[in-house]
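Report on one structure; see the data block that follows.
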Amino acid sequence: MGWRAGIAMAVLGMTCVLFAQTAPPRRALKKPPAKTASPAAPLDADRWPIASLDVEGSTHFKTPAILQASGLKAGQVAGKPEFDAAREKLLATGFFETVGYSYEPARGKPGYAAKFQVQDIAPLYPVQIVGLTGDTAGMLKALGENDPLYGGALPPSQQALDRAARTLAAYLARMNRPESIIAKVAPVENGFAIQLRPRSVPNVAGAKFIGNKAISTLQLQNAMNSVAVGTPFTIPDYQALLDNQIRALYQNAGYPRVRFGAITTEAASPATGLIVTTVVDDGPVYKLGKVSVLGQLSGLGPALETALAIKLGDVANYQELDAALLRMMTVLLRKGYVRAKGEVRKTLQDGTKTVDVKFAFTRGPLYHFESLSIMGLDLDGEAAVRKMWGEAKGDPFNPEYPAYFAKQVKESGMFENMADTKVETVLNDQALTADVTLHFKGAGEKLKRLGEPPPTHPVGSSIGFAAESPAAAAHRER
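Put into structure tokens, the structure is as follows:
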């Protein structure tokens with residue numbers, strides 16, 4: 071019997087696909103005649119040389135890397151036990167959701183044509199070394215020395231995490247730095263990362279600062295302790311907290327060039343954990359330099375200038391700059407530009423110790439008030455409310471006005487047992503209009519009083535923009 075017939079009999083009843091069991095042959099197969107025998111002769115009737123080996127289904131990994139991880143090679147004598155073992159090896163990597171295989175008689179040469187079918191685990195996350203000093207590049211390189219599938223990123227599977235932790239621990243042991251390592255998925259600035267860190271990480275018990283002059287140590291400690299105490303201590307994590315908590319304090323005090331130097335630790339007593347000390351360099355104070363407003367803002371200059379309310383030469387307080395942006399955005403919204411966007415662009419001029427500021431706006435289209443619907447009132451009540459309403463069809467739409475108006479109606483005492491009014495605003499982005507619906511709840515059947523409705527425009531129009539509350543100015547600024 072020839073080699074092709076022998077293989078056909080060996081896989082009788084199937085071409086082995088995925089995880090199917092191979093049915094035992096009904097009779098033993100004869101070996102191929104000696105004159106046509108392959109140099110890699112089969113060990114038994116079900117095992118033949120692998121003539122070709124391929125992979126399909128992977129989007130992240132190259133075929134040679136997957137085959138190397140499987141342990142099978144072309145030319146190797148194999149049968150179902152070997153393919154099962156290779157499948158288990160690939161699953162054990164933690165890189166694949168599913169692994170299957172198929173094999174059939176090869177064409178034109180003795181042996182099997184075999185193929186793996188795989189589905190990758192996605193997504194892959196970058197790997198970070200956290201809480202370990204020394205040769206970080208060497209640690210990351212070690213992760214790929216015995217893992218052909220590793221390319222700087224790992225899937226969030228437990229198998230992959232555990233293997234990476236074991237590999238790094240073995241590397242550290244070879245470097246005479248024995249350490250128990252744990253791998254975890256952790257949130258980072260741009261998404262998630264696989265972080266490898268010591269299994270036993272002490273917590274932060276308190277923060278200290280030295281070198282600071284512009285801001286008191288007590289203020290810095292209160293700001294840092296509120297977020298750091300009780301968290302596992304690692305240098306990158308602590309530096310991130312310094313940037314989020316302490317840098318903002320300095321920026322709001324006019325010190326945008328603050329620098330954080332050496333970070334040292336000492337055991338806390340009597341509490342458990344670490345006292346973390348940070349060296350601070352305040353840097354010089356910066357003042358406001360050039361201030362400009364960018365965007366198509368024709369006709370809005372005076373209102374925006376009033377809302378800006380900052381002075382050249384003042385200390386560059388980032389928090390006040392953000393507040394100025396919010397005030398100017400409020401002007402645009404009340405003028406009907408409900409899709410407006412804005413941002414603050416800051417440029418540090420180290421030579422003059424100033425901060426040049428640009429407030430950049432995208433005004434967007436102008437929306438107009440279209441209609442008012444009133445729900446939950448009888449005809450008399452609806453008529454009285456409409457008489458109070460101050461927006462006319464076609465007016466630039468102030469998105470703050472409906473809520474302000476509803477509050478005025480409730481505070482007027484016109485209705486008995488009146489609950490809060492639900493305000494619903496629907497913007498039509500095609501027609502650039504706004505439709506408002508007021509849903510009155512708990513209003514009585516009759517008006518409590520039917521005299522002249524109270525004014526809906528706030529009294530005291532001479533109050534300056536910066537001192538005026540948003541509710542009080544809701545209608546006046548339209």
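Residue numbers (this note's numbering): 71 to 548. Note that the Cβ used here is the ideal one computed from N, Cα and C, for glycine as well. Predicted, not measured: the structure shown is a model, and the values here were computed from it.
Residue interval of the beta strand (DSSP E) (run including Pro218):
Here the question's residue 218 lines up with position 148 in the sequence shown. Neither: Pro218 is in no beta strand (DSSP E) and is coded neither H nor E.
Compare the beta carbon distance of Ala379 and Arg404 with 8 Å and say whether it is the shorter of the two.
As a first step, residue 379 is located in the sequence shown; it is residue number 309 there, counting from the start. As a first step, residue 404 is located in the sequence shown; it is residue number 334 there, counting from the start. Contact flag unset, no.
Taking the CB atoms as reference points, tell me whether Ala476 and Val493 lie closer together than 8 Å.
Taking the first residue of the sequence shown as 1, we reach residue 476 at position 406. Taking the first residue of the sequence shown as 1, we reach residue 493 at position 423. Contact flag set, yes.
Simplified DSSP state of Thr400, which is helix, strand or coil:
Taking the first residue of the sequence shown as position 1, residue 400 is located at position 330. Looking at Thr400 - three-state DSSP - the assignment turns out to be helix.
For Thr422, which residues from the same chain have a beta carbon less than 7 Å from its beta carbon, with the 5 sequence-adjacent residues on both sides left out?
Against the sequence shown, residue 422 aligns to sequence position 352. Gly359.
Excluding the 5 residues preceding and the 5 following Val255 in the sequence, name in chain order all residues of the same chain whose CB lies nearer than 7 Å to its CB.
Looking up residue 255 in the sequence shown gives position 185. The residues are Tyr195, Pro226, Phe262, Ile264.
Contact belief for Gly331 with Asp351 at Cβ below 8 Å, rounded distance in angstroms
Along the sequence shown, read from residue 1 onward, the residue named residue 331 stands at position 261. Along the sequence shown, read from residue 1 onward, the residue named residue 351 stands at position 281. About 6 Å; that satisfies the 8 Å criterion.
Identify the continuous beta strand (DSSP E) that holds Ala338 and give its terminal residues.
Taking the sequence shown and counting its residues from 1, the one referred to as residue 338 is at position 268. Careful: Ala338 lies outside any beta strand (DSSP E) and carries neither H nor E.
Quick one: what does DSSP say Ser227 is sitting in, helix, strand or coil?
As a first step, residue 227 is located in the sequence shown; it is residue number 157 there, counting from the start. It is coil, neither helix nor strand.
Exposure label - Ser172; buried when at least 16 CB within 10 Å
Taking the first residue of the sequence shown as 1, we reach residue 172 at position 102. Counting Cβ neighbours within 10 Å, Ser172 comes out buried, since at least 16 surround it.
Classify Ile280 as helix, strand or coil using the three-state DSSP reduction.
Within the sequence shown, the letter at position 210 stands for residue 280. Taken through DSSP and simplified to helix, strand or coil, Ile280 comes out as strand.
What is the DSSP secondary structure of Tyr407, reduced to helix, strand or coil?
Here residue 407 corresponds to residue number 337 of the sequence shown, with the count starting at 1. DSSP places Tyr407 in coil when its eight states are reduced to three.
How far does the alpha helix (DSSP H) with Gly451 in it extend, from its first residue to its last?
As a position in the sequence shown, residue 451 is number 381, starting the count at 1. It spans 449 to 458 - the alpha helix (DSSP H) in which Gly451 sits, taken as one unbroken run.
Three-state secondary structure assigned by DSSP to Ala78
Sequence index remark: in the sequence shown, residue 78 carries index 8 (1-based). Legend: pLDDT at Ala78 = 42, less than 50; position of this residue unreliable, no value from coordinates given.
Let me check understanding here. Comparing Cα to Cα, which of Ile280, Tyr308, Glu158, Gly170 lies closest to Val349?
On the sequence shown, position 279 is the one that residue 349 refers to. Closest by alpha carbon: Ile280.
Would you mind reading off the limits of the alpha helix (DSSP H) that contains Asn292?
Position 222 of the sequence shown, counting from 1, holds the residue named residue 292. Looking at the DSSP string, the run of the alpha helix (DSSP H) that includes Asn292 is 287 to 298.
Decide if the stretch 116 to 123 is in contact with the stretch 175 to 183; the criterion is three or more beta carbon pairs, one per stretch, under 8 Å apart.
With the cut-off at 8 Å, the stretch 116 to 123 and the stretch 175 to 183 touch.
Using the beta-carbon count (16 or more within 10 Å), is Thr133 buried or exposed?
Position 63 of the sequence shown, counted from the first residue, corresponds to residue 133. It counts as exposed.
If we call anything under 8 Å between Cβ atoms a contact, is Glu167 one with Gln187?
What you label residue 167 is simply residue 97 of the sequence shown in a count that begins at 1. What you label residue 187 is simply residue 117 of the sequence shown in a count that begins at 1. No, Cβ-Cβ distance for Glu167 and Gln187 is not below 8 Å.
Should Gln321 be labelled buried (16 or more other beta-carbon atoms within 10 Å of its own) or exposed?
As a working note, residue 321 is residue 251 in the sequence shown. Buried, by the Cβ-count rule.
Rounded C-alpha distance that separates Tyr407 from Arg433
Along the sequence shown, one-based indexing puts residue 407 at 337. Along the sequence shown, one-based indexing puts residue 433 at 363. Roughly 6 Å separates the two Cα atoms.
Do Gly276 and Val299 have their C-beta atoms within less than 8 Å of each other?
Taking the sequence shown and counting its residues from 1, the one referred to as residue 276 is at position 206. Taking the sequence shown and counting its residues from 1, the one referred to as residue 299 is at position 229. Contact check for Gly276 against Val299 passes: the beta carbons are separated by less than 8 Å.
Hey, would you say Ile199 sits closer than 8 Å to Leu242, going by beta carbons?
Stepping through the sequence shown from its first residue, residue 199 is reached at position 129. Stepping through the sequence shown from its first residue, residue 242 is reached at position 172. Not closer than 8 Å, so no.
Excluding five sequence neighbours on each side, which residues of the same chain lie with their C-beta closer than 7 Å to the C-beta of Ala162?
Locating residue 162 in the sequence shown gives position 92, counting from the first residue. Only Gln229 meet the Cβ criterion.
Note the first and the last residue of the continuous beta strand (DSSP E) segment covering Phe186.
Numbered from its first residue, the sequence shown carries residue 186 at position 116. Counting along the chain, the beta strand (DSSP E) containing Phe186 begins and ends at 182 to 190.
Below 8 Å between beta carbons: does that hold for Lys416 and Thr347?
Position 346 of the sequence shown, counted from the first residue, corresponds to residue 416. Position 277 of the sequence shown, counted from the first residue, corresponds to residue 347. Result no, Cβ atoms of Lys416 and Thr347 do not sit closer than 8 Å.
Should Gly164 and Arg233 be called a contact, given that it needs their Cβ atoms to be closer than 8 Å?
Mapped onto the sequence shown, residue 164 falls at position 94. Mapped onto the sequence shown, residue 233 falls at position 163. Contact flag set, yes.
Between which two residues does the beta strand (DSSP E) holding Ala121 run?
One-based indexing of the sequence shown puts residue 121 at position 51. Where Ala121 is concerned, the enclosing beta strand (DSSP E) stretches over 118 to 126.
What are the boundary residues of the beta strand (DSSP E) that includes Ala386?
What you label residue 386 is simply residue 316 of the sequence shown in a count that begins at 1. For Ala386, there is no enclosing beta strand (DSSP E), as DSSP gives it neither H nor E.
Cβ-based neighbour list, His130, same chain, cut-off 7 Å, excluding 5 preceding and 5 following:
Within the sequence shown, residue 130 is the residue found at index 60, counting from 1. Excluding positions up to five away in sequence, the list reads Asp190, Leu194.
With distances taken Cα to Cα, identify the nearest neighbour of Asn387 among Val427, Leu402, Thr342, Lys143.
The residue given as residue 387 occupies position 317 in the sequence shown. When each option's Cα is compared against that of Asn387, the closest is Val427.
Tell me which residue opens and which closes the alpha helix (DSSP H) that Leu311 is part of.
Start at 1 with the first residue of the sequence shown, and residue 311 comes out as number 241. Residues 305 to 311.
Here's the rule I'm using: 16 or more other beta-carbon atoms within 10 Å means buried, otherwise exposed. How should Gln478 be labelled?
Within the sequence shown, the letter at position 408 stands for residue 478. By the 10 Å Cβ count, Gln478 comes out buried.
For Thr206, which of Gly181, Met245, Thr301, Ala155 has the nearest alpha-carbon?
For the purposes of this step, residue 206 is identified with residue 136 of the sequence shown, where counting begins at 1. Nearest option by C-alpha distance: Met245.
Run the CB neighbour count on Pro472, radius 10 Å, all protein chains shown included, and call it buried at 16 or more, exposed below.
Within the sequence shown, the letter at position 402 stands for residue 472. Buried, by the Cβ-count rule.
Quick one: residues in its chain with C-beta nearer than 7 Å to the C-beta of Arg117, no 5 flanking neighbours on either side, listed in chain order?
On the sequence shown, position 47 is the one that residue 117 refers to. Val147, Ala148, Gly149.
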